[in-house]
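Here is the structure we will look at, set down as structure tokens.
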Amino acid sequence: MEAKAPKKRGPKLMPERTEAPVVDRSVAMSNALARGSHSLNLAEKRILALALAKTDSIPAADLVRASREGWSVRLLAAEYAEAYEVDANTAYEQLQASAQSLRGRGWKAQMGYGRRNSPIIREGNWVSMIEYCAGEGRVDVAFTPHVAPHLLALRSQFTTYKLKQASALRSVYAWRLFECLKSWETKGIWSPSIDEFHAAMDAPESCRANFKDLRRRIIDPAVTELHTKDNMLVEWEPKKAGRKVIGLVFKFRQDPQASLAL
11 MEAKAPKKRG PKLMPERTEA PVVDRSVAMS NALARGSHSL NLAEKRILAL
61 ALAKTDSIPA ADLVRASREG WSVRLLAAEY AEAYEVDANT AYEQLQASAQ
111 SLRGRGWKAQ MGYGRRNSPI IREGNWVSMI EYCAGEGRVD VAFTPHVAPH
161 LLALRSQFTT YKLKQASALR SVYAWRLFEC LKSWETKGIW SPSIDEFHAA
211 MDAPESCRAN FKDLRRRIID PAVTELHTKD NMLVEWEPKK AGRKVIGLVF
261 KFRQDPQASL AL
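Residue numbers 11 to 272, in this note's numbering, belong to the letters of the sequence shown in order.
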């Protein structure tokens with residue numbers, strides 16, 4: 011009788027080490043990734059943030075192993091419903107759909123500079139596999155080892171925030187601007203070139219070609235939403251060379267009059 015081939019095992023399921031509500035857990039990623047291009051819509055952004063929150067308080071040994079082999083995170087419809095204030099059936103439908111689309115999405119981050127001061131760009135996929143079961147109300151998402159240096163065991167140059175700080179946002183542009191600003195939180199100012207801002211927002215071509223569209227569709231709505239939903243005061247202005255906009259300057263802080271419980 012021919013011997014059966016050993017069953018291949020997927021990335022190990024990441025154990026949880028905290029009983030804190032998922033909305034009170036932290037989402038963390040490297041500054042390079044926070045400021046880079048994610049190519050995600052709002053639903054995909056939600057599932058990614060939930061998965062990162064589920065890795066909060068993980069022991070270092072498990073993080074090191076996961077960084078070598080990849081890792082899997084189990085997302086429950088009940089947790090998604092709690093975090094994003096939707097009913098259980100909607101939560102599972104959104105979980106499954108966004109996990110499926112996330113499998114085809116990539117990330118891009120600048121990793122420094124090479125010769126002649128040219129930027130070094132690294133690209134990769136977020137996940138390698140998903141597994142879902144409607145009867146159990148869960149979706150397992152397996153991350154690739156290549157993204158691990160940007161998400162696991164971060165010791166310096168990283169961005170972090172509580173999931174509940176972003177979960178109320180209804181625009182992916184507001185969420186992306188929020189992450190970029192948080193990555194510069196210690197300085198309270200972010201001064202990207204216009205090309206860097208386009209990349210960070212995954213701005214559509216029409217907004218890249220026309221600054222008025224960029225302001226109307228992305229900047230102004232995102233700034234307004236960060237104030238109304240997250241009590242963040244953001245002032246911004248364009249940097250110009252003649253009549254051409256070459257960059258932006260964002261100055262930001264939490265509204266001292268607000269009572270946001272973080």
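The beta carbon of each residue, even a glycine, is placed where N, CA and C say it ideally should be. Quick caveat: nothing in here was measured; it's all calculated off a predicted structure.
Check                                                                                                                                                                          : Outcome
Would you mind sorting N41 into buried or exposed? The rule is 16 or more other CB atoms within 10 Å of its CB.                                                                : buried
Apart from the five residues on each side of it in sequence, which residues of its chain come closer than 6 Å, Cβ to Cβ, to V151?                                              : A61, V83, A109, V137, I140
Taking all protein chains shown into account, do 16 or more other C-beta atoms lie within 10 angstroms of the C-beta of Q264, making it buried, or fewer, making it exposed?   : exposed
Quick check: the Cα distance between A277 and A144, rounded to an integer number of angstroms?                                                                                 : Residue 277 is absent from the structure shown; the chain starts at 11 and stops at 272.
Is it buried or exposed for L23, if we count other Cβ within 10 angstroms and need 16 for buried?                                                                              : exposed
Write down every uninterrupted run of the alpha helix (DSSP H) in the stretch 213-256 whose length is 4 residues or greater and which is fully enclosed by it, in chain order. : 215-219, 221-224, 230-240
For K172 versus S49, is the C-beta distance shorter than 8 Å?                                                                                                                  : no
To which residues of the same chain is V233 closer than 6 Å at the C-beta, ignoring the five residues directly before and after it?                                            : V244
Would you call the CB atoms of C190 and A210 closer than 8 Å?                                                                                                                  : yes
List the whole-angstrom C-beta distance separating S201 from V255, where the pair is believed to meet the contact cut-off of C-beta under 8 Å.                                 : Not really, about 13 Å apart at Cβ, beyond 8 Å.
I need the DSSP call for R199, collapsed to helix, strand or coil.                                                                                                             : Position check: residue 199 holds Ile in this sequence, whereas Arg was assumed. If DSSP states are grouped into helix, strand and coil, I199 belongs with the strands.
Which term fits T238, buried or exposed, when burial requires 16 or more other beta carbons within 10 angstroms of its beta carbon?                                            : exposed
By Cβ distance below 7 Å, which residues in the same chain neighbour A158 in space, the five residues on each side in sequence not counted?                                    : A76, S77
For G116, which of E54, V33, E215 has the nearest alpha-carbon?                                                                                                                : E54
Which residue marks the beginning of the alpha helix (DSSP H) containing V74, and which one marks its end?                                                                     : 70-79
What is the rounded straight-line gap between the Cα of E26 and the Cα of A219?                                                                                                : 45 Å
Residue ranges of each beta strand (DSSP E) run of no fewer than 3 residues wholly in the stretch 88-148, ordered along the chain?                                             : 116-123, 129-135, 137-143
With DSSP collapsed to three states, give me the class of R263.                                                                                                                : strand
From the DSSP output, which residues share a beta bridge with M39?                                                                                                             : T169
May I ask you to list the residues that DSSP assigns as paired with D150?                                                                                                      : R84, E141
Who pairs with S47 in a beta bridge, going by DSSP?                                                                                                                            : K118
Using only CA atoms, which one of F188, L161, L105, W185 lies nearest to V149?                                                                                                 : L105
Beta-carbon separation of H160 and L236 under 8 Å?                                                                                                                             : no
For the alpha helix (DSSP H) containing A178, name the first residue and the last one.                                                                                         : Element bounds for A178: n/a, residue is neither H nor E.
So what does DSSP say about L164, is it helix, strand or coil?                                                                                                                 : coil
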